[in-house]
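Let me begin by presenting the structure, written as structure tokens, before commenting on it.
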Amino acid sequence: MSFTIAIDGPAAAGKGTISRAVAEHYGFAHLDTGLLYRAVGRRVLDGTDPEAAARALVADDLDGAALRTPEVAQAASKVAVIPEVRAALVDFQRAFARRAGGAVLDGRDIGTVICPDAEAKLFVTASPEVRARRRLAELVARGIDTGYEAVLADVRERDARDMGRADAPLRPAQDAAMLDTSALDIAAAVAEAIRLIDRQIAQKQEETR
69 MSFTIAIDGP AAAGKGTISR AVAEHYGFAH LDTGLLYRAV GRRVLDGTDP EAAARALVAD
129 DLDGAALRTP EVAQAASKVA VIPEVRAALV DFQRAFARRA GGAVLDGRDI GTVICPDAEA
189 KLFVTASPEV RARRRLAELV ARGIDTGYEA VLADVRERDA RDMGRADAPL RPAQDAAMLD
249 TSALDIAAAV AEAIRLIDRQ IAQKQEETR
């Protein structure tokens with residue numbers, strides 16, 4: 069039996085960490101859909117046509133630290149506004165979502181476009197300032213030389229691009245539970261995510277009785 073949990077949110081809100089923990093808690097498979105766009109973005113930086121890169125994507129392309137650089141992140145955000153790229157990746161994501169045993173997908177449009185009928189949905193957010201501090205710590209830990217103001221500007225630029233695109237803009241699904249992680253540590257954020265998901269599952273079970 070398939071069961072889908074959709075987790076959306078802006079960059080550095082904590083949705084990736086939360087999604088992995090949620091998947092482990094329920095014993096579900098996990099897909100960071102942002103890696104799909106990063107993999108396409110990386111190929112575009114190497115000179116490949118965006119749509120061709122999306123159509124040629126395979127699972128092995130989703131591994132590697134090279135997908136975690138700021139340059140690839142920016143490229144990913146840019147290719148994500150291309151309708152043909154998004155369309156090419158839809159089938160990949162939907163097939164993963166309906167795999168037997170359950171799946172957790174995190175991204176920008178999982179609950180609104182990719183899996184609008186997901187059994188549980190979360191929208192994870194945090195203030196731009198908090199997200200910039202988190203991203204800065206992550207980059208510094210990887211030895212990338214940058215500063216807070218530059219990272220904050222990048223976060224705001226990505227937010228504007230993600231929320232302003234015509235095709236599948238970043239926004240909460242109407243039936244998604246909201247989770248603001250600004251004042252939460254990882255353990256508290258994960259615990260709250262599981263509580264919200266369990267509540268949605270219970271509500272769905274009540275509706276089907």
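Residues in the sequence shown are numbered from 69 upward in steps of one, following the working numbering. We put the CB at the ideal spot given by N, CA and C, even for glycine. Since the structure is predicted, the reported quantities are computational estimates derived from the model, not experimental observations.
Exercise for the section: Give the DSSP-derived three-state secondary structure of Phe-191 in the structure shown. Expected result: strand
Problem - Alpha-carbon to alpha-carbon, Arg-277 and Gly-77 - result: Whole-angstrom Cα-Cα distance: 32 Å.
Practice task
Mind checking who Ile-75 pairs with in its DSSP beta bridge?
Solution key: Asp-174 and Leu-190
Handout entry: Simplified DSSP state of Leu-220, which is helix, strand or coil
Key = helix
Exercise for the section: For my contact list, Ile-178 and Ala-270 are in at a C-beta cut-off of 8 Å; report their separation, rounded to the angstrom. Expected result: No, Ile-178 and Ala-270 are not in contact; Cβ-Cβ is about 21 Å, not under 8 Å.
Problem - C-alpha distance - Ala-141 paired with Val-108, whole-angstrom precision - result: 10 Å
Problem - Exposure label - Thr-180; buried when at least 16 CB within 10 Å - result: buried
Practice task
Compare the C-alpha of Glu-217 against each of Arg-201, Pro-184, Gly-232 and Thr-101 and name the closest.
Solution key: Arg-201
Practice task
Please determine if the stretch 160-175 and the stretch 242-253 are in contact, where contact requires at least 3 C-beta pairs separated by less than 8 Å.
Solution key: no
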